[in-house]
Structures are given as C-alpha cells and as structure tokens.
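Contents: one structure, followed by commentary.
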Amino acid sequence: MATSRKQYAVARPVYSEERFTDDHEKVFRKHKTMLDHVKECLTCNPKRAKNAMLSLLPIIGWMKIYRLKEWLPGDVVSGISTGLVAIMQGLAFAMLAELPASYGLYTAFFPVLIYFFLGTSRHISVGAFPVLSLMVGSVVIRLVPDAEPPANITDFEGLSRDQQRVLVASSMTFLMGVFQLGMGVLQVGFVVMYLSDTLVSGFTTAAAIHILVSQLKFVLGLVVPGISGPLSIIYTLKKIFVQISSTNICDLVMSILIMLAVFIVKELNEIYKAQLPVPIPIEAISTIIACGVSYGFNFTTRFNVTVVGKMVQGYEAPIAPSMQILQESAVEAFPTAIVGFAIAFSVAKVYAIKHDYTIDGNQELIAFGFSNIFGASFKSFAASTALSRTAVQESSGGKTQIAGLISALMAMIVTLALGFLLEPLPTSVLGALVIINLKGMLMQFREVPYLWRKDKPDCVVWVSTCLSACLLGLDLGLAVGLGVELLTVVFRTQFPRCAVLANIPGTDLYRDSKDYLHIFETSGVKIFRIPSPIFFANVEFFKDKLMAAVGFNPLRVLRKRNKALKKIKKLCQGDHLDFTARELGDVYHQSTDDSYKDMEALDQPTHLNAPPFRVDWNDKFPDGISVPRVDIHSLILDFSAVSFLDIAAIKGLRRVFRDFMRIDVDVYIASCDAYILEKLHSCVFFDQEVLPSVFFLTLHDAMLHVLEKQKGNSCKDRVMKNTKL
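If you use this note's numbering, the sequence shown corresponds to residues 67 to 791, in order.
Following this line, the structure appears as structure tokens:
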C-alpha cells in the first residue's frame with residue numbers, strides 16, 4: 067500500500083532580489099572594526115577574568131564536578147594499568163629516539179604533570195609516541211651519528227655521546243614546545259585541519275614502516291648505525307641484509323615469542339573486553355618475565371645479547387637548550403610540533419565525543435607546548451599521546467586526568483627505586499614490543515582499495531604521502547603530502563562538475579538533465595550550474611564550460627553578425643534599396659577582408675551599427691553566408707553552490723553578461739548568496755547594461771520571470787524590406 071505524501075502549496079509573487087528587498091525590510095548589521103576587536107580584547111571585567119582562568123586551567127572545571135566515590139576507584143585502576151604500559155612504551159620509544167632507554171621514563175612523567183593542569187581532554191594518556199620519537203631520532207642521528215664525529219656544536223664539548231644525544235633531543239623538544247605554545251597563544255589551532263585524516267593515515271603508515279625497519283637491528287641482534295635523510299630506509303635495509311648471516315638467534319627467538327604472546331593476549335583483550343575488568347597488561351608481564359629469564363640465564367655472557375644496561379636512577383638537574391641545536395633542528399621541529407598536536411587532538415576528539423564533553427584546540431596547543439617545554443628542561447623528549455595507551459586508560463575505567471597523574475607516579479617510582487630491575491632487559495624485547503604495537507598503523511594499508519573505489523584524489527593523497535615519507539624522510543614526506551593534498555583541493559575547485567539543469571515536471575525543482583528520464587527543459591532557456599567558488603584559477607574553465615553548455619561562443623557570434631552587417635551597411639548608404647536573400651548573399655561575397663580588421667568595432671552590439679532592416683539570425687541564409695545559430699533567448703546561472711567570487715571572477719562574469727546580452731540573450735542569476743551580492747554592489751558590477759533586477763531568489767522565480775517576459779514577444783523576426791532610414 068503506497069503511503070500518502072505530504073503536499074505543500076505556496077502562493078507568492080515572483081521575487082527578484084531587488085523586489086524582495088523592496089517588500090521585506092532588511093536589518094543592516096554593524097560589523098566590528100579591527101579597533102573594536104582590540105578594545106574588546108583589552109577590556110577586563112570579573113566575568114572575563116573568570117572565563118580566562120577556567121580556559122587556562124581546565125582542571126578547575128572538571129574538579130568541581132568530580133565524583134570522588136564513583137570515579138576515584140576507576141581512575142586508580144586505570145592509572146596503574148596505563149602506568150605499566152607507559153613505562154614499557156617509554157623504554158621502547160626512547161630507543162626510537164636513539165637515546166638510552168631510561169630517558170623514556172622521563173617522558174612518561176614530566177609532560178603528564180603539566181598536562182594534568184592545562185589539558186582539556188580527560189582521557190588521553192600523555193607521553194611518548196613512536197612517530198615523534200622517530201622524528202626526534204632522525205635529528206639525533208644527523209647531529210650525533212654512530213660511526214662519525216658529531217656536528218661542530220660548541221655545547222657538545224666535554225659531553226659523552228649519550229649526553230650529546232640527550233642534549234639534542236631535549237633542545238629539539240624545547241623548540242617543538244615553543245612552536246606549539248606560540249600557535250596556541252596566537253589562536254591558530256585550526257592549522258591542524260589542513261592535515262586530513264587521509265594524509266595522517268598515509269603519514270603514520272610510512273612512519274610505522276620506518277619504525278619497523280629501525281627496530282629490525284634490535285630484533286636480529288645486529289649492529290647497524292643509524293642513518294637519516296632521504297632514502298635512509300633503503301640504506302638501512304641494505305646494511306641489515308648484508309649482515310643477515312650474523313643474526314643473534316637468541317634475540318630473534320625471544321623477539322618472536324614476545325610478539326606472538328603480546329599479539330594473542332591483545333586479541334583476547336579485544337574479544338573479551340566486556341568481561342575483563344581491565345585489559346591484561348601483557349607488555350608489563352612479558353617484560354618482567356624477559357628480565358627474569360635474561361638475569362637468571364645470564365643472556366649477556368652466554369648468548370651475547372644486548373641489554374638495557376645501567377639505568378639512570380633519580381632525576382637530573384634541569385638543563386637549558388642549546389641555541390646552536392635549536393638553529394639546526396628548526397626545520398624538523400615545526401612539522402614534529404604539528405604532527406604531535408594533530409595526533410593528540412584527533413585522539414582527544416574521539417573520546418570527547420564518546421563521553422560528551424568539549425575540548426579546545428588552542429588550549430590543547432598551549433597545554434602540549436608547556437608540557438614539552440617543561441619536559442625538555444628535565445631531559446625528556448617529544449610527548450604527545452598514543453592510541454593504544456589511551457585506549458587502555460579509557461577502557462580500564464579512567465574518568466579524568468587523575469588516572470594520568472597516577473600513571474606518572476608509577477613512572478616516578480620506577481625511576482627512583484625500581485629502575486635497576488630493568489637493567490637485564492634485552493633490547494630485542496623492547497624492539498619486539500615496538501613492532502607489535504605497530505599493528506594498528508600498518509593495517510591502515512587496507513584503506514587504499516577503499517579510497518580508490520570511493521575517492522581517487524584522496525587515494526592519491528594517501529599513496530603519495532606514504533611513499534614520499536618512506537623515501538624522503540618524515541619531515542619532507544609530510545611537506546610533499548600536504549602539497550599534494552592542497553593540489554587536490556585546487557583541482558576539485560578549479561575543475562568542478564558543471565551541469566545543465568532542467569525542471570522536474572509538476573514541481574519547482576531543477577536537477578541535472580543527464581540524471582533523470584522524465585525531465586522538462588524549457589525551449590529557449592538554458593540553466594547552468596557551477597558547484598564551486600569562482601576565482602582567478604577557474605574563471606576561464608567556468609566560461610569554457612558555459613560556452614559548451616549553450617553550444618556557441620557569444621563573442622564569436624557577435625563578431626560574425628557585425629561582419630555581415632558592416633558590409634551590408636556600405637551598400638545601404640544613399641537611396642534605400644530592396645534586398646532579396648540572394649542579393650544579401652551576393653553583397654557578402656563582394657566584400658573584402660580589409661573591412662574586418664577593426665576587432666574592437668566588431669565587438670560592439672549589433673544595434674549600434676544596424677542597417678535599415680532587421681534580420682532573423684536563425685533563419686536560413688543563402689550559400690556562402692555562415693552565421694552561428696543561437697537557439698536560446700535566456701540564460702540562467704545557478705549560484706546556489708558559489709560561496710565566493712574574487713575580482714578576476716567578477717570581471718569575467720561581467721564580460722559573460724555583456725557578451726550574451728549583445729546577441730540578445732538575457733542573463734539571470736538565481737540563488738546568489740547575500741554576501742556575494744553585497745560584494746558585486748561594492749565592486750560596481752552593475753551599470754546601464756547589467757542591472758540588479760537580473761538576480762532572483764530561486765531558480766523557479768527566474769524561470770517564471772523568463773516565461774512571463776517571452777509570452778508577449780514575437781519570435782518571428784524576418785528580413786524586413788523597404789524600411790527607410
């Protein structure tokens with residue numbers, strides 16, 4: 067049984083923009099000047115001071131609503147679970163940054179303390195992130211390589227190799243924090259929006275490949291010097307395969323067992339997450355077992371296994387960044403700051419939506435900026451968040467950043483008292499933990515076939531970002547990916563899918579004439595739609611598509627008409643003559659091409675130099691006379707999807723109007739945005755030829771106006787003979 071559909075009927079006048087403004091009084095709003103905004107920013111009152119304090123210290127907001135009995139147990143359990151993961155990941159990711167493992171514990175502690183007070187997300191786990199660690203490590207290797215002397219930096223004097231690397235990592239992290247803080251203060255958190263999900267996916271996949279290759283030397287027990295720069299991944303693989311016969315079997319077997327165990331338990335955690343109160347901390351368990359086995363069987367001596375070794379106990383005095391290193395690492399620090407914030411903000415946004423609270427992008431920049439500056443002062447390296455660690459914090463019952471604070475306290479306990487227990491831990495175990503945690507990022511390869519089927523430009527962005535980041539390095543790869551992404555945006559706006567619209571019979575709806583079977587196209591009227599802004603880069607494309615839609619070039623038609631009329635006019639001077647159609651053809655043949663050279667005169671309207679008769683330009687002409695046929699009398703431009711026009715577009719649109727009007731084709735614009743209309747007025751778009759009355763509220767208003775105008779007009783213009791001048 068067919069369901070009845072609701073009907074609506076509206077009776078109103080046909081509205082042009084001009085008539086609508088006459089009938090309905092508009093409110094003219096006063097726009098604030100730059101001086102008004104400055105005064106508003108400098109104005110201080112108790113309410114603004116309170117809002118500023120709440121904005122700068124979000125902890126005040128959620129601590130006021132903290133449910134002690136309900137939330138604290140979950141935060142404690144979550145903090146302990148997250149702390150175990152953060153400690154293991156801190157040790158492992160420190161190796162990615164080419165630093166001693168113990169410095170990973172600093173990154174699991176210091177940045178968390180600042181984020182606890184300044185961050186707006188209640189669920190993300192702040193600390194080391196593998197992509198950032200790798201980006202820091204590339205700078206560390208460049209300035210303090212394994213097999214070559216370090217860079218000529220004065221602050222390196224008197225420092226060991228490890229101390230030099232720590233200074234490089236902390237200085238770069240300090241600069242990264244300065245960049246993030248500066249962007250937060252300047253309220254430019256929106257820049258992260260230019261990093262699309264597709265670009266971030268391709269970039270992190272490439273980073274996962276870099277991380278995988280960098281950890282192979284630990285898993286295989288090989289001595290491979292770190293390499294940075296373009297094609298570093300190729301050179302690293304070459305060095306690994308050259309030494310493949312020297313693989314340490316104990317390291318390899320231990321790594322495989324660790325990866326299998328972690329993979330299986332993580333899958334079980336995912337399958338039974340509804341039944342488990344907290345996820346099984348398999349990384350911590352496997353690390354403890356590996357430490358015990360390595361110590362009990364003396365792997366270092368018996369199997370020549372490389373272990374973590376001496377752990378730094380306690381916290382060292384804060385250090386100042388090196389100005390020379392800041393200059394050397396500025397190019398890498400900025401993309402690292404952007405990537406770190408983009409990852410953290412994306413993860414924070416997911417959990418903010420899930421738990422129904424808001425996060426502030428600019429405040430997040432400030433929070434991470436201060437966190438990295440503070441952490442760098444105490445020798446930690448770049449901090450952001452990790453999806454796996456955040457998932458543990460949220461799924462194990464964490465409600466607020468108190469869970470993060472507890473995880474930081476656990477890292478502090480290990481640093482101060484229990485670090486020596488981790489000294490026999492094989493580095494191959496940490497490498498295995500890093501590799502197995504790459505599963506989520508590596509599985510992003512599955513997006514490529516989907517993107518190719520659904521959105522090929524996005525697929526190009528993904529593939530180009532991934533390949534360039536793999537081959538050229540993460541910093542250059544990110545720049546290339548961003549460039550390709552912006553090119554796809556330009557491509558989409560510069561070459562939009564234009565359409566000729568027609569009416570759905572019995573409605574006021576207009577759709578693409580190619581998409582529907584039963585559709586009505588009014589004779590003599592063309593409706594053209596461009597679904598994008600019109601600006602300097604696509605204005606010529608717009609005109610070309612418009613000419614293709616109507617089937618002729620109005621300027622060419624005008625010139626050919628004027629050529630014919632100019633020659634006829636010479637023979638019409640003096641006494642009036644009778645002309646037959648055949649004689650008109652003879653006149654055309656007797657003329658020479660010398661009279662056609664004044665192209666500016668040919669571009670003028672035909673009525674300015676009209677001979678003593680009128681011509682139906684669509685009638686049949688004698689052989690030898692060729693004037694393009696014009697089958698339309700009205701052109702309607704649908705501007706409903708045009709969001710802005712620049713000066714070049716306004717000039718181009720004005721030429722389109724004049725060219726069509728000079729061959730007696732009326733041009734109308736429908737559904738134009740009010741802002742665009744105001745801009746056209748301010749740019750003096752209108753004159754005696756182009757009138758404001760050609761703008762209509764809707765396509766149907768414009769169509770009804772055209773039909774009403776053509777109802778009384780005769781469409782039978784003939785050659786009129788014997789007409790006096």
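The C-beta atom is built at its ideal place from N, Cα and C for all residues, glycine as well.
Query, Result
"Burial state of residue 215, where buried means 16 or more other Cβ atoms lie within 10 Å", "exposed"
"Classification of residue 439 by the beta-carbon crowding that lies within 10 angstroms, buried from 16 upward", "buried"
"Status (buried if at least 16 other CB within 10 Å, exposed otherwise) for residue 310", "exposed"
"Counterpart residues of residue 586 in DSSP-defined beta bridges", "569"
"Cut-off 7 Å between Cβ atoms - residues of its own chain near residue 384, not counting five sequence neighbours on either side", "443, 444"
"When 344, 126, 612 are compared against residue 719, the one with the closest alpha-carbon", "612"
"Segment contact, 8 Å Cβ cut-off, at least three pairs: the segment 257 to 275 with the segment 443 to 462", "no"
"Residue 815 classed as buried or exposed, judged by whether at least 16 other C-beta atoms fall within 10 angstroms", "Outside the displayed range of the chain (67 to 791) lies residue 815, so it cannot be described from this structure."
"Bridge partner(s) assigned by DSSP for residue 486", "BP columns for residue 486 are empty, so no partner."
"Secondary structure of residue 109, DSSP reduced to three states", "coil"
"Reference residue 585; option with closest CA among 571, 593, 598, 591", "571"
"Of the listed residues 714, 318, 511, nearest to residue 749 (C-alpha basis)", "714"
"Test item: CB-CB of residue 189 and residue 481 under 8 Å", "no"
"Same chain, Cβ closer than 6 Å to residue 175, five either side skipped, listed in chain order", "474, 477, 478"
"Among 450, 460, 401, 317, nearest to residue 794 - alpha-carbon criterion", "This structure does not reach residue 794, given that the chain is present from 67 up to 791, and the question cannot be answered."
"Among 179, 567, 614, the one whose alpha carbon lies nearest that of residue 580", "567"
"Unbroken stretches of the alpha helix (DSSP H), 4 residues or longer, contained in the segment 730 to 764", "740 to 748"
"Same chain, Cβ closer than 6 Å to residue 772, five either side skipped, listed in chain order", "591, 700"
"Integer-rounded CB distance, given that residue 486 should sit under 8 Å from residue 389", "Not quite, the Cβ-Cβ distance comes to about 36 Å (not below 8 Å), so this is no contact."
"Simplified DSSP state of residue 701, which is helix, strand or coil", "strand"
"Span separating the alpha-carbon of residue 280 from that of residue 153", "20 Å"
"Exposure of residue 402, with buried meaning 16 or more beta-carbon neighbours within 10 Å", "buried"
"DSSP three-state assignment for residue 247, whether helix, strand or coil", "helix"
"Range of the contiguous beta strand (DSSP E) that encloses residue 595", "591 to 595"
"Burial state of residue 270 (16 or more Cβ within 10 Å)", "buried"
"Through-space distance from residue 449 to residue 426, alpha-carbon basis", "18 Å"
"Residue 237 to residue 711 span [Cα, whole Å]", "46 Å"
"Residues near residue 144 in its chain [Cβ-Cβ closer than 7 Å; skip 5 each side]", "459, 462, 463, 464, 469"
"Whole runs of the alpha helix (DSSP H) within the segment 201 to 289, excluding any shorter than 4 residues", "227 to 251, 263 to 286"
"Beta-carbon gap between residue 708 and residue 739 smaller than 8 Å", "yes"
"8 Å Cβ cutoff met for residue 694 and residue 618", "yes"
"C-alpha gap between residue 587 and residue 732, whole angstroms", "17 Å"
"Beta-bridge pairing of residue 291 - partner residues as DSSP gives them", "According to DSSP, residue 291 bridges with nothing at all."
"Residue 577 - partner residues in DSSP beta bridges", "568"
"First and last residue of the uninterrupted alpha helix (DSSP H) at residue 366", "365 to 368"
"Outcome for residue 573 when other beta-carbon atoms lying within 10 angstroms are tallied against a minimum of 16", "exposed"
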